[in-house]
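Protein chains in written order, with the working numbering: chain A, 5 to 484; chain B, 36 to 664; chain C, 53 to 158; chain D, 3 to 180. For each residue, glycine too, the CB sits at the ideal point set by N, CA and C. Just so you know, these numbers come straight off a predicted model, no measurement behind them.
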């Protein structure tokens with residue numbers, strides 16, 4: 005058994021869901037996603053026991069593309085994140101009715117398939133294929149099942165699609181150039197071994213940067229984000245913010261930094277600065293958003309800015325903190341968007357000014373929402389704190405000002421999140437009735453919160469899982 | 036060791052268990068049971084603390100407990116571990132002790148609130164975090180508690196969450212604290228990178244053993260840590276949240292915003308005394324800020340009419356005095372004042388709570404008066420505490436405050452003067468409060484008058500205990516023969532020897548301080564008892580009083596400078612930069628579109644032209660391939 | 053058997069083909085009558101075919117001729133379809149001047 | 003370089019080549035310049051025949067015959083039929099703008115110069131036309147090659163023709179007016 009099993013399960017799941025019909029689709033999808041999760045856990049055990057679970061075989065001979073899936077700690081951690089979030093996301097959608105549900109759930113599984121592939125691929129072109137494949141389902145999900153005015157939505161979604169696609173083209177160019185240098189091989193090990201001049205590295209780095217900066221997004225390439233998050237159905241938003249953003253961040257660590265380390269070192273300050281600018285900018289913009297989902301989108305922008313800054317420090321702490329924070333943010337942002345969805349199900353609005361006074365009617369929901377909000381502002385004891393602390397620490401090792409400026413997130417973050425919480429949940433009892441969470445909703449929240457709290461106090465399993473692979477990557481970065 | 040671990044866990048986890056029970060089953064258990072569970076949880080912690088205290092005093096050795104790795108950073112390994120030494124156990128004693136009393140008090144005080152179980156769960160959670168803060172073996176565990184108590188403070192200030200003003204106050208407290216937290220974090224980063232540890236014990240050895248320390252950097256770290264302390268302990272410039280925090284229920288004000296949480300800053304500075312000792316410049320800053328805070332808060336306290344606001348500013352002022360002592364390196368003096376302050380300030384708050392409870396929520400002193408007869412126990416306990424805080428001899432506050440002023444006098448005369456003035460003002464406004472509340476005629480409505488009564492036993496019992504403690508608490512550190520100094524001695528590197536001898540100067544200073552206190556009381560007596568003045572209503576306040584009454588407009592200034600600018604920036608970013616960037620991206624699309632539109636015109640549809648161009652292109656390509664080499 | 057190219061020279065065939073090909077191009081450009089354009093295309097095709105055969109002889113290899121054979125097949129198909137299209141156009145438009153065919157106009 | 007046969011000492015083959023070449027080029031030109039499409043078609047037939055003559059000269063008899071059958075026979079008949087079907091004559095000719103003619107002439111000269119320049123520039127190895135003596139272009143040999151080596155393309159050619167036939171029929175069928 006190796007990692008391709010997960011991909012196969014997900015792909016079969018996608019088709020099975022599609023053919024199972026509208027009524028059964030959601031359950032079938034949940035079943036397959038859980039199966040994939042179970043499979044990945046088994047694989048994780050095997051990996052920890054030292055069994056080789058990677059795959060490499062030739063796929064296309066001319067040009068030389070290998071079907072290479074490399075499962076190291078980092079990849080597995082991201083796969084686990086994807087596969088743990090997918091069932092939660094699917095389960096969270098149980099309260100909604102979707103037209104043409106079979107396609108909807110099929111697309112979700114297909115997207116999980118593509119994203120898992122991205123995290124595992126160890127061949128440049130295979131990786132690129134998965135990377136682009138992941139874009140297609142979300143395009144349809146956002147376009148067909150999204151909300152709001154159809155024209156506006158189309159505009160936002162098409163912009164997102166073309167923008168990310170255009171960015172990825174730079175990456176493709178970089179890969180083709182790299183494979184020319186590596187005698188036609190796209191394999192990641194061969195690319196790692198390349199010794200490029202600093203000029204070449206600069207351009208390669210920049211090409212990767214365009215792809216990733218748009219995907220992550222780093223300011224000023226973020227303009228697609230808030231609109232798409234707002235227009236997409238919540239499931240789509242969760243997939244986008246919970247997992248897809250992490251594809252960009254993961255790729256920075258996996259592909260960009262080791263392949264062009266000289267450029268990364270030379271322009272360290274600029275890229276960390278961009279990340280931190282994102283933190284401050286995102287936090288400030290989030291302050292005065294009127295739409296709940298948009299606010300969360302900008303908070304996402306701020307958080308991923310910090311993660312990106314951590315990755316670009318090129319230190320073990322920075323990378324480790326970034327990965328931890330990626331996972332933590334994945335969970336917390338899914339939870340928060342879900343909370344927004346729960347509110348929307350009852351009130352049919354996400355406009356913050358129209359909400360308020362929910363706490364008296366729904367104490368359970370309020371507590372859960374509050375815990376998520378607190379996790380999002382990185383209260384110690386939550387997983388996010390572990391990540392944020394590590395990242396900020398690594399920034400402080402580069403330059404104390406980075407830590408101070410990046411640290412403003414804990415002030416501004418608290419400000420906009422609590423402000424939002426106050427206006428959405430507190431205040432005079434709302435005139436509209438708000439039923440407390442249902443069992444289904446409660447389970448989704450409870451799982452997310454349990455994960456956040458557990459790893460908040462005991463992040464060692466994840467740290468131990470990712471550290472060896474991050475060290476390997478750092479060795480590649482520092483080989484000169 | 037096993038035993039110690041279990042004890043430590045019992046100590047920490049009992050309140051947490053209480054929290055869990057109250058969260059999940061509180062509503063179905065009923066109010067009394069819920070309150071009892073909450074109180075019991077803290078009481079058990081108190082008993083455990085007593086055991087530990089006994090152990091520490093007999094063996095004199097600190098107990099260290101390591102649970103597991105928490106965060107791994109390349110050069111730092113942070114454990115989740117506890118350190119139970121003299122300082123933390125001392126702190127625990129009054130945290131859990133006063134905590135238990137306040138829990139007991141709350142059962143009665145909050146009995147009419149439908150969310151009583153929630154209140155108790157928050158209180159228990161607070162105690163849990165406070166214990167974590169105190170017994171953490173390294174800075175990061177302290178930080179868990181540090182932020183945790185901030186969270187509980189947020190929850191409890193906003194306990195009556197239907198009122199958005201209260202929610203604003205809660206939010207403000209949390210955010211102000213977070214500003215300090217950032218400083219604390221940065222301080223931790225610097226210390227972590229300098230010494231590769233955040234563990235107190237290791238850090239102490241590392242600093243003691245270090246040969247060439249980067250002192251400027253260490254000072255910077257100390258300054259950052261002090262900013263953290265400023266946030267939590269409400270010092271200038273981060274003090275404005277504390278008076279607003281009075282929006283919470285009164286027991287909360289007593290527990291969190293007077294006795295325990297706000298002293299966390301002092302705890303942290305005392306904990307890291309070996310760091311601050313190496314940064315004399317920062318110590319000066321601390322002393323100056325402490326003195327200024329104490330004076331500014333005292334002046335504001337002079338004219339406040341809300342009974343809890345007076346106490347809040349008094350707290351800020353007293354905390355300022357403690358920092359004054361810390362700034363001079365007199366940690367044990369500060370700790371002493373923390374303890375006595377905890378006693379009498381908790382008592383005062385609880386007493387004010389009793390008054391408010393008796394008047395069904397009225398907090399304005401202008402509408403009180405003459406409560407002495409209706410609420411005798413409340414009156415007497417509050418009187419004792421007021422005497423203590425005013426520094427009247429032989430009450431606890433006298434000893435601790437006197438030691439602070441004495442220390443100040445030895446180091447810096449101007450700061451001594453500032454501190455003394457603040458003390459005189461303290462005596463004045465405390466007795467202003469007493470006279471306005473308990474003497475003369477009742478100024479409230481007839482209906483309130485009708486319902487005036489002494490509070491129940493559950494409320495008066497804690498008051499009495501605290502009053503006793505406020506009276507005799509000073510005995511733990513008598514001048515010249517201080518049990519406290521000896522107890523805390525293992526913690527400090529410097530030997531606090533200079534206060535030991537009592538000379539003429541000292542006695543003179545004591546006399547001056549006593550006279551000052553009495554002077555303050557006398558002025559209050561003349562103004563509010565003899566002349567029977569009642570503060571004017573809000574509209575008629577003018578001149579300097581108005582400035583003081585409005586707290587020097589600090590809130591407004593902060594609002595204008597920070598809040599408004601950030602919000603304005605946010606709107607600017609949202610409306611201009613965001614749309615601008617968006618237009619830019621769409622602009623790329625539009626350019627492409629326009630190019631396509633222009634390019635379309637080349638496609639005339641005339642095949643002849645196409646062919647002509649085609650042939651030309653063919654010529655060009657062919658001649659390039661074959662002829663150009 | 054004697055190689056005929058000994059007497060004529062491959063370059064003469066090349067020049068003949070080139071001229072023929074250019075005449076084809078000229079015809080395509082010069083005439084607007086679709087049928088004549090077609091004929092010009094046939095001339096171009098034949099120029100190439102001729103060259104193929106000449107080179108086939110030059111190399112003494114039948115491959116060139118085989119290719120010509122296929123190109124004839126394609127040409128036949130092309131003409132058949134092309135003329136059918138022309139007929140259809142003529143039927144609809146009443147003219148076969150290529151100036152009328154401007155559907156490609158952007 | 004262009005080797006102009008010395009007409010005085012020309013061999014028969016050379017004379018025939020010159021003659022055929024002249025006819026080929028001349029008729030090709032006439033095809034284009036004739037105003038009447040039917041004349042064009044007839045000139046084209048002559049042109050094709052002369053090309054068939056070239057094939058014969060190169061000893062490719064089979065190809066020559068196929069050429070005559072396909073081009074002069076089938077294709078030209080098609081052309082003639084089409085022309086007659088459309089009933090085109092000189093009156094249909096549109097007046098050609100001067101610019102078009104100029105463009106055509108320019109392209110003609112340009113491409114001619116470029117191509118000739120290429121051939122001169124690339125210096126073909128002239129001379130040494132060795133004859134292996136093997137038979138490589140008789141019907142027998144061609145047939146073997148076609149049906150062995152090129153069998154698949156050969157079969158595909160038949161499919162192509164079939165498809166072309168069906169397409170032609172479909173295209174030229176009159177659509178029923180609804």
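Straight-line Cα distance separating residue j from residue i
{"i": "residue 197/A", "j": "residue 272/A", "result": "22 Å"}
{"i": "residue 14/A", "j": "residue 152/D", "result": "46 Å"}
{"i": "residue 415/A", "j": "residue 216/B", "result": "9 Å"}
{"i": "residue 196/B", "j": "residue 431/A", "result": "6 Å"}
{"i": "residue 276/B", "j": "residue 210/A", "result": "47 Å"}
{"i": "residue 441/B", "j": "residue 541/B", "result": "7 Å"}
{"i": "residue 574/B", "j": "residue 495/B", "result": "36 Å"}
{"i": "residue 222/B", "j": "residue 80/B", "result": "31 Å"}
{"i": "residue 415/B", "j": "residue 388/B", "result": "14 Å"}
{"i": "residue 293/B", "j": "residue 377/B", "result": "7 Å"}
{"i": "residue 39/A", "j": "residue 284/B", "result": "51 Å"}
{"i": "residue 213/A", "j": "residue 176/A", "result": "12 Å"}
Environment of residue i [buried if 16+ CB atoms lie within 10 Å]
{"i": "residue 37/D", "result": "exposed"}
{"i": "residue 101/D", "result": "exposed"}
{"i": "residue 168/D", "result": "exposed"}
{"i": "residue 153/B", "result": "buried"}
{"i": "residue 21/A", "result": "buried"}
{"i": "residue 108/C", "result": "buried"}
{"i": "residue 212/B", "result": "buried"}
{"i": "residue 442/A", "result": "exposed"}
{"i": "residue 146/D", "result": "exposed"}
{"i": "residue 369/B", "result": "buried"}
One or two residues paired with residue i in a DSSP bridge
{"i": "residue 115/B", "result": "103/B"}
{"i": "residue 399/B", "result": "341/B"}
{"i": "residue 718/B", "result": "This structure cannot settle anything about residue 718/B, because the visible part of chain B is limited to 36 through 664."}
Three-state secondary structure (DSSP) of residue i
{"i": "residue 53/C", "result": "Confidence in residue 53/C is poor, its pLDDT being 46 and thus under 50, which makes the residue's placement unreliable; the coordinate value appears in the next sentence. Coil, per DSSP."}
{"i": "residue 57/A", "result": "coil"}
{"i": "residue 198/A", "result": "coil"}
{"i": "residue 62/A", "result": "strand"}
{"i": "residue 367/A", "result": "helix"}
{"i": "residue 72/A", "result": "strand"}
{"i": "residue 198/B", "result": "coil"}
{"i": "residue 386/A", "result": "strand"}
{"i": "residue 404/B", "result": "coil"}
Same chain, Cβ closer than 7 Å to residue i, five either side skipped, listed in chain order
{"i": "residue 602/B", "result": "none"}
{"i": "residue 343/A", "result": "373 and 376"}
Close-in-space but distant-in-sequence residues of the same chain around residue i (CB under 8 Å, 5 per side omitted)
{"i": "residue 452/B", "result": "none"}
{"i": "residue 81/D", "result": "43 and 46"}
{"i": "residue 53/C", "result": "Only weak support is given to the placement of residue 53/C: the predicted model assigns it a pLDDT of 46, under 50, and the question is left unresolved by the model."}
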